[in-house]
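Protein chains in written order, with the UniProt record's numbering: chain G, 1 to 255; chain E, 1 to 246.
Quick reminder that beta carbons are idealized off the backbone N, C-alpha and C, glycines included.
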């Protein structure tokens, strides 16, 4: 019993430290100093064990308790997760986001004369891979519960921040290097499309989630069409303005 | 003075860009899904990272510093490129002999901008959220000072480059401090930061070269010199303060 108490105490300390300072801010990524792992070993042990109970028990404190028991901790150790079931959801989101870079591999750009995959195609592949993970882990049937948790007012900021990190990860893995104002619009539109598709997926009854794939393609195409239209309008305005100023300059106006 | 007397070489090398800079803010290719490719002269991967592993990872505050410093640098170079782009047409109309000079400064700034674009993408630093605002402000500043005349345009260059040069100097100083700290503990700065230090030094020297060019071209003759340079310097400092945060 004494060992368990001590274990629980160390667990409390390490968990509280990491939970009070969640890895929310994105910072300078250095190739030689990778960011620290987002969860402590004890947290990982409990939460990953709890995840196995989600298909049966959902994103609930029951799953957390069963997970703690499986990992060899006391039931009471679930008190270490002050946000309860949401911490389980958060663990799932973070680990799936970090797994994305290993689960999707694109052929190297320089390798041979093979057709280069466009950034748009890569983003589609990544979004689809991330959605498929929901089905593969088996949480898709329970994903409605997770979405409901994430939408709670107190938890919404954390959920949106994680969604933003996911969108950023996808654009990064797709090899997008634009660092202008489009950096924000790209991430915002991808986050919107991804979350809409995720909601759609919870209702999807088709085999192999064919309808979800179609839904995602349609949304991405909409995004591209709007982008192309705005780009065309911008080009026209730029051309017209350029001509106007040149005409004025040719008339001797000193501008 | 007949047109034949003007140096024809300078006329052919007009740095005027293909699209109108003043209206670019109306057409920000915001929602474009096409990849933007950037060319920069720096080597993005240091080949000797595996043979010379930096013995000490960056601390959180160091990462935060680099994050905001590089973001400010990119915004500053964006502004510099736009200022020179907007200044060039009115200025070279009135003073064609300035054309090679403006081309030279513009090309250097465009090079710096490409360097920081590459660094931001490599280290996954977000660009400033004020990007469209700074674009408009820089274009207006360049165009406005060029209309005020050669001296005002040069005073603008002088004020901006003074602030920017000081800013880069500060960053070089911080990096050297880190290097010192690490040397005391028996560590090195690491290939990545060494390269960054070299880049910052080179860019700082080039910015200060622009400052000298501006002073040589009668920047001090601008009227009202004090008011103009003080307002521009104050604006630069305010912009840096904001960009460090958003």
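Legend entry - Residues of the segment 159–190 of chain G whose Cβ lies closer than 8 angstroms to any Cβ of chain C, in chain order: Note that chain C does not occur in the displayed structure, where the protein chains are G and E.
Legend entry - Residue from 104(E), 135(E), 65(E) and 198(E) whose Cα sits closest to the Cα of residue 77(E): Counting from 1 along the second chain, the entry for residue 77(E) is found at position 77. Of the candidates 104(E), 135(E), 65(E) and 198(E), the residue whose Cα lies closest to the Cα of residue 77(E) is 135(E).
Inset, instruction - Assuming residue 156(G) and residue 149(G) form a contact by the criterion Cβ under 8 angstroms, report the distance between their Cβ atoms to the nearest whole angstrom. - result: Numbered from 1 along the first chain, position 156 holds the residue referred to as residue 156(G). Numbered from 1 along the first chain, position 149 holds the residue referred to as residue 149(G). So it is not a contact: roughly 10 angstroms between Cβ atoms.
Inset, instruction - Tell me, please, whether the CB atom of residue 46(G) is closer than 8 angstroms to any CB atom in chain E? - result: Mapped onto the first chain, residue 46(G) falls at position 46. So, not an interface residue.
Inset, instruction - Check the Cβ-Cβ distances between residue 83(E) and every residue of chain G, and say whether any is below 8 angstroms. - result: Residue numbering aside, residue 83(E) sits at position 83 when the second chain is read from its first letter. False, the Cβ-Cβ gap to chain G never drops below 8 angstroms.
Inset, instruction - Within the segment 164–238 of chain E, note down every full alpha helix (DSSP H) run reaching 4 residues or more, in order along the chain. - result: 191–216
Inset, instruction - Evaluate residue 161(E) with the Cβ neighbour count: other Cβ atoms within 10 Å of its Cβ, from every protein chain shown; 16 or more gives buried, anything less gives exposed. - result: As a first step, residue 161(E) must be located in the second chain, where it is residue number 161. With 16 or more other Cβ atoms within 10 Å, it is buried.
Legend entry - Simplified DSSP state of residue 57(E), which is helix, strand or coil: Counting from one through the second chain, the residue named residue 57(E) turns up at place 57. Look at residue 57(E) here: in three-state DSSP terms it is coil, with no helix or strand label.
Inset, instruction - Anything in chain E within Cβ reach of residue 27(G), meaning under 7 angstroms, just list it in chain order. - result: What you label residue 27(G) is simply residue 27 of the first chain in a count that begins at 1. The answer, in chain order, is 63, 64 and 67.
Legend entry - Among 100(E), 152(E), 193(E) and 217(E), the one whose alpha carbon lies nearest that of residue 223(E): Locating residue 223(E) in the second chain gives position 223, where the first residue counts as 1. Ranking the options by Cα distance to residue 223(E), first place goes to 152(E).
Legend entry - Residue range of the alpha helix (DSSP H) that includes residue 55(G): For the purposes of this step, residue 55(G) is taken as residue 55 along the first chain, with counting starting at 1. 54–57 is the extent of the alpha helix (DSSP H) around residue 55(G).
Inset, instruction - Return the CA-CA distance between residue 132(E) and residue 184(G), expressed in angstroms with no decimal places. - result: What you label residue 132(E) is simply residue 132 of the second chain in a count that begins at 1. What you label residue 184(G) is simply residue 184 of the first chain in a count that begins at 1. The straight-line gap from Cα to Cα measures roughly 11 angstroms.
Inset, instruction - Give a yes or no on whether the minimum CB-CB distance between residue 169(E) and chain G is below 8 angstroms. - result: Counting from one through the second chain, the residue named residue 169(E) turns up at place 169. No, because no Cβ of chain G sits closer than 8 angstroms to the Cβ of residue 169(E).
Inset, instruction - Go ahead and pull the three-state DSSP assignment for residue 203(G). - result: In the first chain, counting from the first residue as 1, residue 203(G) sits at position 203. Coil.
Legend entry - Alpha-carbon to alpha-carbon, residue 239(E) and residue 174(E): Within the second chain, the letter at position 174 stands for residue 174(E). Within the second chain, the letter at position 239 stands for residue 239(E). Cα-Cα distance, rounded: 21 angstroms.
Legend entry - the segment 178–193 of chain E touching the segment 142–151 of chain E, judged by at least three CB pairs closer than 8 angstroms: By the criterion of at least three beta-carbon pairs nearer than 8 angstroms, the segment 178–193 of chain E is not in contact with the segment 142–151 of chain E.
Legend entry - Within 8 angstroms, strictly: CB atoms of residue 140(G) and residue 202(G): Position 140 of the first chain, counting from 1, holds the residue named residue 140(G). Position 202 of the first chain, counting from 1, holds the residue named residue 202(G). The answer is yes: Cβ separation under 8 angstroms.
Inset, instruction - Let me know the secondary structure DSSP gives residue 241(G) once reduced to three states. - result: On the first chain, position 241 is the one that residue 241(G) refers to. It is helical.
Inset, instruction - In the DSSP assignment, find the unbroken alpha helix (DSSP H) run with residue 70(G) in it and report its ends. - result: Here residue 70(G) corresponds to residue number 70 of the first chain, with the count starting at 1. Its alpha helix (DSSP H) spans residues 61–70.
Legend entry - Listed by chain order, chain G residues near residue 96(E) by CB distance under 7 angstroms: Start at 1 with the first residue of the second chain, and residue 96(E) comes out as number 96. In chain order: nothing, as chain G lies at least about 14 angstroms away.
Inset, instruction - Determine, using beta carbons only, whether residue 131(E) comes closer than 8 angstroms to chain G. - result: Position 131 of the second chain holds residue 131(E). Yes, contact with chain G.
Legend entry - Proximity below 8 angstroms, CB of residue 88(G) to CB of residue 135(G): To locate residue 88(G), count along the first chain from 1; it is residue 88. To locate residue 135(G), count along the first chain from 1; it is residue 135. No, they are not a contact pair.
Inset, instruction - Pick out whichever of 127(G), 61(G) and 118(G) has its Cα sitting closest to the Cα of residue 195(G). - result: Here residue 195(G) corresponds to residue number 195 of the first chain, with the count starting at 1. The option with the nearest alpha carbon to residue 195(G) is 127(G).
Legend entry - residue 240(G) versus residue 124(E): straight-line alpha-carbon distance, rounded: What you label residue 240(G) is simply residue 240 of the first chain in a count that begins at 1. What you label residue 124(E) is simply residue 124 of the second chain in a count that begins at 1. The straight-line gap from Cα to Cα measures roughly 36 angstroms.
Legend entry - Interface flag, residue 255(G) vs chain E, CB-CB below 8 angstroms: Start at 1 with the first residue of the first chain, and residue 255(G) comes out as number 255. Yes, because at least one Cβ of chain E sits closer than 8 angstroms to the Cβ of residue 255(G).
Inset, instruction - Note down, in chain order, every chain G residue with its Cβ under 9 angstroms from the Cβ of residue 244(E). - result: Position 244 of the second chain holds residue 244(E). Those do not exist, as residue 244(E) stays about 14 angstroms from chain G at its closest Cβ, beyond 9 angstroms.
Inset, instruction - Tell me whether residue 232(E) is buried or exposed, calling it buried when 16 or more other Cβ atoms sit within 10 Å of its Cβ. - result: The residue labelled residue 232(E) in the question sits at position 232 within the second chain. With 16 or more Cβ atoms within 10 Å of its Cβ, residue 232(E) is classed as buried.
Legend entry - Closer than 9 angstroms at the beta carbon, the chain G residues around residue 251(E): Look at the range of chain E in this structure, 1 to 246, and you will see that residue 251(E) is not part of it.
Legend entry - Opening and closing residue of the alpha helix (DSSP H) in which residue 96(E) lies: Counting from 1 along the second chain, the entry for residue 96(E) is found at position 96. No alpha helix (DSSP H) contains residue 96(E), which DSSP labels as neither H nor E.
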